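Chains as they are written, first to last, in my numbering: chain A, 101 to 548; chain B, 101 to 548. In what follows, a structure is listed as C-alpha cells, so that the remarks can point back to it.
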C-alpha cells in the first residue's frame, strides 16, 4: 500500500471488520513508517496501537530498528506487553532486551515471558552478538524422515501461523540431531505419497553457533541459500539464520569497515549524540596528532636545510601528499579485498606483484610530472630531480606498506580496517619527509 | 559435502549410477571449488565436465563469477553448448554474454539459443545493467486466481524442475498484469480446497524495471522479502529479483563506495591486470598532483615568512594533517550515511548541528594540545598560539566541508563517493596552509 494516507485512515478510522480483513495484507514496515512519521499526532499513533492485535505489534517490534524497539513497546498498554513479547521473534526480542540499560526492567521483561520463551531468550543472550548464535532465531520447523509429503503438508496447515517466512524444514532424529533438509519447494513439488527420506538432502550446509557472522554471510553468498541452520557441538539444530539477517550483517560490516578506515567507531549512527560522536572520533585524532609529531621532528631536524632553500617547504606537501594518496589507494583496496575474501593465500603473491608493478608505472609517471613541477616551482633543475626521486621512492614505499600492513594485521587476526590507515600514513609521511629532505641535504651544495 | 577429496572422487571415479543418485544433493558451488582448484589437473577437470549432465553445468555457469563464466563454458565440448545455455538462468546468461568482447562470438551464442530464450535474452540485454531490469531473471511462475491450492500443488509437481529456488507465485490476468502474490508457504499451509483468490495478497511490493539496484536493495531490506517482481509501465510482470542478487548488489555497492572514496575504480578486482590497475588509479593521482600545486603555491607565497621562522615548516604538516583527518572522518561518515539512507531531508539539519558541535569539542581539545606542541617545538609561546588558532579554524572548516560537500553533491545527483574526498582534501589543505602561514605573517613581529 504505497498510499500512506489511505493506510493511516484504515488503521485509525476503519471499522473493526475492515481492519481484520485488510491487516493480513498490510506490511508491518509500512505501518512502522506511519508510526515513525512526525506528521501524525502521538494521540493518533497511540490509538492505532490500541487497535492493532498483539501478533501485528509483535511483527512491528521485529521489524523496528534495534535501538527503537523498546520505545515502541512502551507506547502500548502495559497489560498487553507479556502477550506481545510471546509474538516476537526470539532473536529480535533479544536484540531489544540488549538495548535496555536498566537491569530491573530487563528482569521484569524476562519474568513476564513464558517458561519456554524465557529459556530460549536466556540461551540466545549467552552467544556472542556477532556470531551465528548471536544473530539466529530459535524458531525452526523440524520433522522426522518417516513422514510422507502429504502428512507434512497437513502438519504445516495445522501450525500455519508459525510457518510464515520459513523456507526450509529440517529433518532430525528425536535428539534434534540434524539429518537432512527439505525446502518448501521440495515439499510443494513432490508427489503426496513420497517419503521425506527420499527427497531430503542429507548434505546440509550448517554452521556452528560460534561462527563469526561475516563467515556466515560468506556461506550465504556462496550457496545462495535463503536460510542456514545453526548447530551445537553435537550437530543438534538450535536455530536458523535467514537471508534478511544476512543482508543486515553485510550492510553493517561494510559500514564498520568504512568507518574504521576513516578513524570513526564502527557503530556511529546518524542519530548519535554529540557526546557519542566526540567519543567516536577524538581518540583517533589524538593518536594522529601524536604520530604527526614524528613527521614534524623529521622536518625540524632538517630545518637548517630548509632555512637555506625555502622552496623545499613549498614542495614537501606534494611529495608526502602523493605518498599518502598511493598508500590509501593500496590499503583501501587490500582491506576491502580481504574483507570480501577476494584476496587469500592462493593469490596473495599475485596481488602483491601486480600492486608493485602498477605502483612502479604510476610512480614513473607521477615522478616525471613532479620533476617538472619541482624544477618550475623551485626554479632549479636539481630541486626537480630531488622532488622526482623522493616521489618515486615514496610511492613505491607507500604501495608496499599499503599492501603488506593490512595483510600482516589480517594474518595476526587483527581487523586490518582499524589500524592500517594510521600505521601506513605515519610511516609513509615520515619516509616522505626523510627521503625528500635527506636527499636535499646531501645534494645541498648543488642547490645553493 | 565438506570433504572435497570425497566429492572429487565421486565426480571423477564414481559409477554413473553413484553420480546420478548423489548429484541432486551436491551444491554447484562445491563443484566449482574443485574445478577452480589448482591442485587438480586440467585433464581431470575436463573429464569431470564431460560426465556432468547439462543441467548441472548450467547451474555451475549460473554460480560462477561473471568474469569466469565464459572460460568455464569453453572447457565443455562445443556440441553441448546450445543445450547448456538453455539450462542457464536468463540473467546469468546475459551476465556471461556481456563479458565477451568479440561480437561474432556473441552473435554465434545468441544464434544457438531457442527462439524464446533469444527473445528473453535480447530483452534483458536492453536494460541498464545496474537497474532492476538489469539484475532480474525472466523465470517466474504465474497463475490465475480461480485455481484451488490443490490444483496449484499438482501444477507445481508437474513443472517441478522449474520451481527450485522460487519462493513466491504471481497471480496475473491473461495479459500478465500483476494482481497478487502467493508465497510458497501460503500454498503449503492452506487447505487444499481454498481458492488462490482468497489467500493471495493483492498488495504486491513490485518495482519498475528502471529502478536503480540500490533502491531495489533498500526495498528488500525494508520488507524482508526473498523475491520482488519487476513490472513494466503497464504493471505487467516481466521478471523477478531474488535475495541472492541483492546480497551481491549490496556487497558490490559497498565495494564501489569504498573504492571511490580512496580514488580507485568501483570495479577494480583482485585479479585485475597491471594495466587495469594503473588505469584505475593513475588518473586520480594526477588530479591530486595538480590540486597539490594549489597548496604548494600558497606555501611558496609565504616563503618569506618561513625563511625567517623555519620552525613553521615543521609545524605546517601537523595543522594540515589534522584538518585532513577531520575532513575524512566527516565526509566518510556522511557519504556512508547517505548511501544507506540514514541521513535524509528529515534529519539533515540535526546531523549538521551535531557534527559542528562535536567538531567544536574535538577542535578545542586538539587545539589545546597543538598549542602546547607548537610552543615546545617552536620554542615560542606565540608560535604555540598560532598553531592552536589555525588548528581550531582548520578543524571547524574541515568538519563543515566534510558534511556539506557530500550533501550538496548528493542533492545534485552526483555520487558523493567519487568527488567528495578530492574536493574536501584540496580545500581543507589550502585553507590550513593559508590560515597558519597567514596568521604567522601577521604576527611576524612577535615571532622574531
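Where is the CB? At the ideal position from N, CA and C, for every residue including glycine. Just so you know, these numbers come straight off a predicted model, no measurement behind them.
(message) Taking the straight line between their C-alpha atoms, what separation do you get for residue 223/A and residue 195/A?
(response) Counted from its first residue, the first chain places residue 223/A at position 123. Counted from its first residue, the first chain places residue 195/A at position 95. Distance from the CA atom of residue 223/A to the CA atom of residue 195/A, rounded to whole angstroms, is 13 Å.
(request) Kindly indicate if chain B contains any beta-carbon less than 8 Å away from that of residue 237/A. (result) Taking the first residue of the first chain as position 1, residue 237/A is located at position 137. Among the CB atoms of chain B, none fall inside 8 Å of the CB of residue 237/A.
(message) Please classify residue 506/A as buried or exposed, where buried requires at least 16 neighbouring CB atoms within 10 angstroms.
(response) Along the first chain, one-based indexing puts residue 506/A at 406. Residue 506/A comes out buried.
(request) Select from the stretch 373-396 of chain A all residues with a C-beta closer than 8 Å to any C-beta belonging to chain B, and list them in chain order. (result) Here the close residues are 373, 374, 377, 378, 381, 382, 384, 385, 386, 388, 389, 392, 393, 395 and 396.
(message) I'd like to know whether the C-beta of residue 318/A is nearer than 8 Å to at least one C-beta of chain B.
(response) Taking the first residue of the first chain as 1, we reach residue 318/A at position 218. Answer no: the Cβ-Cβ gap between residue 318/A and chain B never drops below 8 Å.
(message) On the CB-based measure, 16 or more other CB atoms within 10 Å of its CB, does residue 512/A come out buried or exposed?
(response) In the first chain, residue 512/A corresponds to position 412, counting from 1. Under a 10 Å Cβ-count criterion, residue 512/A is classified as exposed, with fewer than 16 other Cβ atoms of the shown protein chains found around its own Cβ.
(message) For a quick check, are the C-beta atoms of residue 486/A and residue 539/A less than 8 Å apart?
(response) By one-based count along the first chain, residue 486/A stands at place 386. By one-based count along the first chain, residue 539/A stands at place 439. For residue 486/A and residue 539/A, yes; Cβs fall inside 8 Å.
(request) Within its chain, find whatever has a CB closer than 7 Å to the CB of residue 402/A; leave out the 5 residues flanking it on each side and keep chain order. (result) In the first chain, the residue the question calls residue 402/A occupies position 302. Excluding sequence neighbours, residue 402/A sits near 537 and 541.
(message) Residues in the same chain with beta-carbon distance under 7 Å from residue 123/B, minus the five sequence neighbours each way, listed in chain order, please.
(response) Within the second chain, numbered from 1, the residue matching residue 123/B stands at position 23. Short of 7 Å from the beta carbon of residue 123/B, and not among the five residues preceding or following it, lie these beta carbons of its own chain, in chain order: 156.
(message) Among the candidates 358/B, 362/B and 315/B, whose CA atom is the shortest distance from the CA of residue 346/B?
(response) As a position in the second chain, residue 346/B is number 246, starting the count at 1. Of the listed residues, the one whose Cα sits closest to residue 346/B is 315/B.
(request) Measure from the C-beta of residue 363/B to each C-beta in chain A and report whether the shortest distance is under 8 Å. (result) Walking along the second chain from the start, residue 363/B turns up at place 263. The beta carbon of residue 363/B sits closer than 8 Å to some beta carbon of chain A.
(request) Note the first and the last residue of the continuous beta strand (DSSP E) segment covering residue 219/B. (result) Counting from one through the second chain, the residue named residue 219/B turns up at place 119. Judged by DSSP secondary structure, residue 219/B falls outside any beta strand (DSSP E) and instead within the alpha helix (DSSP H) spanning 215-225.
(request) Have a look at the DSSP bridge pairing and note the partners of residue 323/B. (result) As a first step, residue 323/B is located in the second chain; it is residue number 223 there, counting from the start. Beta-bridge analysis with DSSP links residue 323/B to no other residue.
(request) Determine the DSSP secondary structure at residue 152/A, reduced to helix, strand or coil. (result) If you number the first chain from 1, residue 152/A lands on position 52. Coil, per DSSP.
(message) Determine, for residue 135/A, whether the minimum Cβ-Cβ distance to residues of chain B falls below 8 Å.
(response) Within the first chain, numbered from 1, the residue matching residue 135/A stands at position 35. With 8 Å as the cut-off, residue 135/A does not count as an interface residue toward chain B.
(request) Determine the contact status of residue 439/A and residue 377/B, defining contact as a CB-CB distance below 8 Å. (result) Residue mapping note: residue 439/A aligns to position 339 of the first chain, counting from 1. Residue mapping note: residue 377/B aligns to position 277 of the second chain, counting from 1. Not in contact: residue 439/A and residue 377/B (Cβ atoms no closer than 8 Å).
(request) Report the neighbours of residue 227/A on chain B: residues whose CB is nearer than 9 Å to its CB, in chain order. (result) Stepping through the first chain from its first residue, residue 227/A is reached at position 127. None at all; the shortest Cβ gap to chain B is about 22 Å.
(request) State the Cα-Cα distance for the pair residue 230/B and residue 207/B, rounded to the nearest angstrom. (result) The sequence position of residue 230/B within the second chain is 130, counting from 1. The sequence position of residue 207/B within the second chain is 107, counting from 1. Residue 230/B and residue 207/B have their C-alpha atoms some 23 Å from each other.
(message) Just to confirm my understanding: we take residue 183/A, look at its own chain, exclude 5 residues before and 5 after, and list those with CB closer than 6 Å. What are they?
(response) Taking the first chain and counting its residues from 1, the one referred to as residue 183/A is at position 83. 154.
(message) Using CA atoms only, rank isn't needed, just tell me which of 193/A, 234/A, 478/A and 521/A is closest to residue 340/A.
(response) Looking up residue 340/A in the first chain gives position 240. The candidate whose alpha carbon is nearest that of residue 340/A is 234/A.
(request) Specify the secondary structure class of residue 429/B as computed by DSSP and reduced to three states. (result) Counted from its first residue, the second chain places residue 429/B at position 329. In the structure shown, residue 429/B sits in a helix (DSSP, three-state: H, G or I).
(message) Using only the alpha-carbon positions, how far apart do residue 424/A and residue 455/B sit?
(response) By one-based count along the first chain, residue 424/A stands at place 324. By one-based count along the second chain, residue 455/B stands at place 355. Here the C-alpha atom of residue 424/A lies approximately 25 Å from the C-alpha atom of residue 455/B.
(message) Within 10 Å of its beta-carbon, does residue 106/A have 16 or more other beta-carbons around it, so buried, or fewer, so exposed?
(response) Locating residue 106/A in the first chain gives position 6, where the first residue counts as 1. Within a 10 Å sphere around the beta-carbon of residue 106/A sit fewer than 16 other beta-carbons, which makes this residue exposed.
(request) Quick one: list the residues of chain A neighbouring residue 559/B, beta-carbon separation under 8 Å, in chain order. (result) The displayed coordinates of chain B run from 101 to 548. Any statement about residue 559/B would go beyond what the structure contains.
(request) Have a look at 204/A, 189/A, 161/A and 253/A and flag the residue whose alpha-carbon is nearest the alpha-carbon of residue 240/A. (result) For the purposes of this step, residue 240/A is identified with residue 140 of the first chain, where counting begins at 1. For the residues 204/A, 189/A, 161/A and 253/A, the minimum Cα distance to residue 240/A belongs to 189/A.
(request) For residue 279/B, I'd like the list of residues in its chain whose CB is within less than 7 Å of its CB, leaving aside the five on either flank, ordered along the chain. (result) If you number the second chain from 1, residue 279/B lands on position 179. Counting only Cβ-Cβ distances below 7 Å, and skipping sequence neighbours, we find 245, 271, 272, 273 and 302.
(request) With a threshold of 16 other CB atoms inside 10 Å of the CB of residue 135/A, please say whether the residue is buried or exposed. (result) Locating residue 135/A in the first chain gives position 35, counting from the first residue. Looking at its Cβ environment, which holds 16 or more other Cβ atoms inside 10 Å, residue 135/A is buried.
(message) Determine, for residue 421/A, whether the minimum Cβ-Cβ distance to residues of chain B falls below 8 Å.
(response) The residue given as residue 421/A occupies position 321 in the first chain. Taking Cβ atoms only, chain B reaches closer than 8 Å to residue 421/A, which makes this a yes.
(message) Against chain A, with Cβ distances strictly below 8 Å, would residue 101/B count as a contact?
(response) In the second chain, the residue the question calls residue 101/B occupies position 1. Caution applies to residue 101/B, whose pLDDT of 42 falls short of 50 and renders its modelled position unreliable; the model cannot decide the point.
(request) May I ask which residues mark the beginning and end of the beta strand (DSSP E) holding residue 552/B? (result) The structure shown does not extend to residue 552/B, since chain B spans only 101 to 548, so no value can be given for it.
(message) For the stretch 328-350 of chain B, list every residue whose C-beta sits within 9 Å of some C-beta in chain A, in sequence order.
(response) The stretch 328-350 of chain B vs chain A, Cβ under 9 Å: 342, 343, 344, 346, 347, 348 and 350.
(message) I'd like to check one pair, residue 495/A with residue 451/A: are the Cβ atoms closer than 8 Å?
(response) For this step, residue 451/A is matched to residue 351 along the first chain. For this step, residue 495/A is matched to residue 395 along the first chain. No, the pair does not count as a contact, with Cβ atoms beyond the cut-off.
(request) Note down, in chain order, each residue of its chain lying with its Cβ closer than 6 Å to the Cβ of residue 524/A, except the 5 sequence neighbours on either side. (result) Position 424 of the first chain, counted from the start, is the residue given in the question as residue 524/A. Around residue 524/A: 427, 431, 501, 502 and 505.
(request) Could you tell me whether any Cβ in chain B is nearer than 8 Å to the Cβ of residue 231/A? (result) For the purposes of this step, residue 231/A is identified with residue 131 of the first chain, where counting begins at 1. For residue 231/A, the closest Cβ of chain B is not nearer than 8 Å.
(request) Taking only beta-carbon positions, decide if residue 358/A is within less than 8 Å of chain B. (result) In the first chain, counting from the first residue as 1, residue 358/A sits at position 258. Interface residue, yes.
(message) Suppose the cutoff is 8 Å on Cβ atoms and the five residues either side in sequence are ignored; what does the same chain contact list for residue 468/B look like?
(response) On the second chain, residue 468/B is found 368 positions in, with the first residue counted as 1. Within the same chain, Cβ atoms closer than 8 Å to the Cβ of residue 468/B are found at 488, the five residues on either side in sequence being excluded.
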